[in-house]
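Here is the structure we will look at.
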Amino acid sequence: MRLAFLSLFLLAAPIAVQAQTPVAPVAAEQPVDPALLAKAQPIAALILPDGTMEKMMGPMMQKMMGPMMDSMTKMPIREFLKVGGIDPERAEGLGEGTMEEMMAILDPNFRKRMDVIVNTMMPAMGRFMGRYEPDMRAGMAEAFAYRYNATELDQIAAFLKTPTGAKFGEGFMQLATDPHYIGRMQKIMPDMMKAMPEIMQSSQAELAKLPKPRTYKDLTKAERDRLTALLGADTQKAN
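Quick note on numbering: the sequence shown equals residues -19 to -1, 1 to 220 in mature numbering (1 follows the signal peptide of the UniProt record, and there is no 0).
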């Protein structure tokens, strides 16, 4: 297993655990009421103040990643292989060796390497995400205006103006990186890894009902030409 794959897996795992199920965007024909939007914008500004994403993806995420990686690398390698698609029965025949033990042989500086990645990548990601905070605030305001009526927005705004409300609002986004919450997420990670093969198999029966993807030989000449144009490849070489 390549180090790059493992690095990406470890870095992506905690984000995947916290990710929420995507929802369909509000249809264009359902515009947000400008009056409600005006009430919602100050609320979004309090909940997502400037610098929030850099704080979340920087120091907070850095503190979270170390324990998360420790927990994952102590899992048997066979659990990783199951997630990667290996036959569960074959995986069960493997030993109890962990990723940590394997990397101690292959790369004694593995943990230091991971620390370097976390300590450089996460702050960089925070700075990148920080550029889009205005867009995120705008989207949050639109969501509030779509979900709440004028009275409800007034009540939320009034609460956020209190000392307790202000504290709640400013720290709301950061709750996802709170050590108490993350600690609970870390505890479920081994069980989630063990359950992943079964979770992935849940879609296999439905996928089997769909026609298999076509190969290049199945395409018409027009489709081949279109595909070649999209890829920027020579048609003759593609054939």
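Glycine included, every Cβ here is placed at the ideal spot set by N, Cα and C.
Do you know whose CA, among M34, I58 and V99, lies nearest R108's CA?
In the sequence shown, the residue the question calls residue 108 occupies position 127. Closest option to R108, Cα to Cα, is M34.
Compare the C-alpha of P104 against each of M46, M56 and N130 and name the closest.
Locating residue 104 in the sequence shown gives position 123, counting from the first residue. Measuring from the Cα of P104, the nearest candidate turns out to be M46.
Under a Cβ-count criterion, where at least 16 other Cβ atoms within 10 Å of its own Cβ denotes burial, should A9 be classed as buried or exposed?
Taking the sequence shown and counting its residues from 1, one reaches residue 9 at position 28. With a pLDDT of 48 at A9, under the threshold of 50, the predicted position of this residue should be treated as unreliable, and no value is reported.
Measure the C-alpha to C-alpha separation of I137 and T79 and round it to an integer number of angstroms.
For the purposes of this step, residue 137 is taken as residue 156 along the sequence shown, with counting starting at 1. For the purposes of this step, residue 79 is taken as residue 98 along the sequence shown, with counting starting at 1. Roughly 49 angstroms between the two C-alpha positions.
Closest by CA to Y75, which one among E60, P23, G32 and M84?
As a first step, residue 75 is located in the sequence shown; it is residue number 94 there, counting from the start. Checking the displayed sequence, the identity of residue 75 turns out to be Leu instead of Tyr. Nearest C-alpha to L75: E60.
Count the C-beta pairs between the region 79 to 98 and the region 16 to 30 that are closer than 8 angstroms, then say yes if the count reaches three, no if not.
Because the criterion of three Cβ pairs below 8 angstroms is not met, the region 79 to 98 and the region 16 to 30 do not touch.
Taking the alpha-carbon positions, what's the L(-17) to R112 distance?
Against the sequence shown, residue -17 aligns to sequence position 3. Against the sequence shown, residue 112 aligns to sequence position 131. For L(-17), the predicted model reports a pLDDT of 41, less than 50, meaning its position is unreliable; a value from the coordinates is still stated below. Looking at the two C-alpha atoms, the distance is approximately 30 angstroms.
Give the straight-line distance between the Cα atoms of F119 and L141, rounded to the nearest whole angstrom.
Stepping through the sequence shown from its first residue, residue 119 is reached at position 138. Stepping through the sequence shown from its first residue, residue 141 is reached at position 160. One point to set straight first is that residue 119 is Ala, not Phe, in the sequence displayed. Answer to the nearest angstrom: the Cα atoms are 18 angstroms apart.
On the premise that E114 lies in contact with L29, defined as a C-beta separation below 8 angstroms, what is that separation, rounded to the nearest angstrom?
The sequence position of residue 29 within the sequence shown is 48, counting from 1. The sequence position of residue 114 within the sequence shown is 133, counting from 1. The pair is a contact, with the Cβ atoms about 6 angstroms apart (cut-off 8 angstroms).
Using a Cβ-Cβ cutoff of less than 6 angstroms, which residues in the same chain neighbour T54 once the five nearest sequence positions on both sides are dropped?
Taking the first residue of the sequence shown as position 1, residue 54 is located at position 73. Closer than 6 angstroms at Cβ, skipping near neighbours: M80 and E81.
Looking at the structure shown, is P104 part of a helix, part of a strand, or coil, going by DSSP?
Reading the sequence shown from its first residue, position 123 is the one you call residue 104. Note: P104 maps to helix in three-state DSSP.
Between which residues of its own chain and P48 is the CB-CB distance below 7 angstroms, once the five residues before and five after are set aside?
Mapped onto the sequence shown, residue 48 falls at position 67. So the qualifying residues of the chain are Q167.
If you measure between the beta carbons of Q155 and M37, is that distance less than 9 angstroms?
Translated into positions along the sequence shown, residue 155 becomes position 174. Translated into positions along the sequence shown, residue 37 becomes position 56. Yes, the pair counts as a contact, with Cβ atoms nearer than the cut-off.
Could you spell out the range, first to last residue, of the alpha helix (DSSP H) harbouring D172?
Residue 172 sits at position 191 when you count from the first residue of the sequence shown. Counting along the chain, the alpha helix (DSSP H) containing D172 begins and ends at P160 to Q182.
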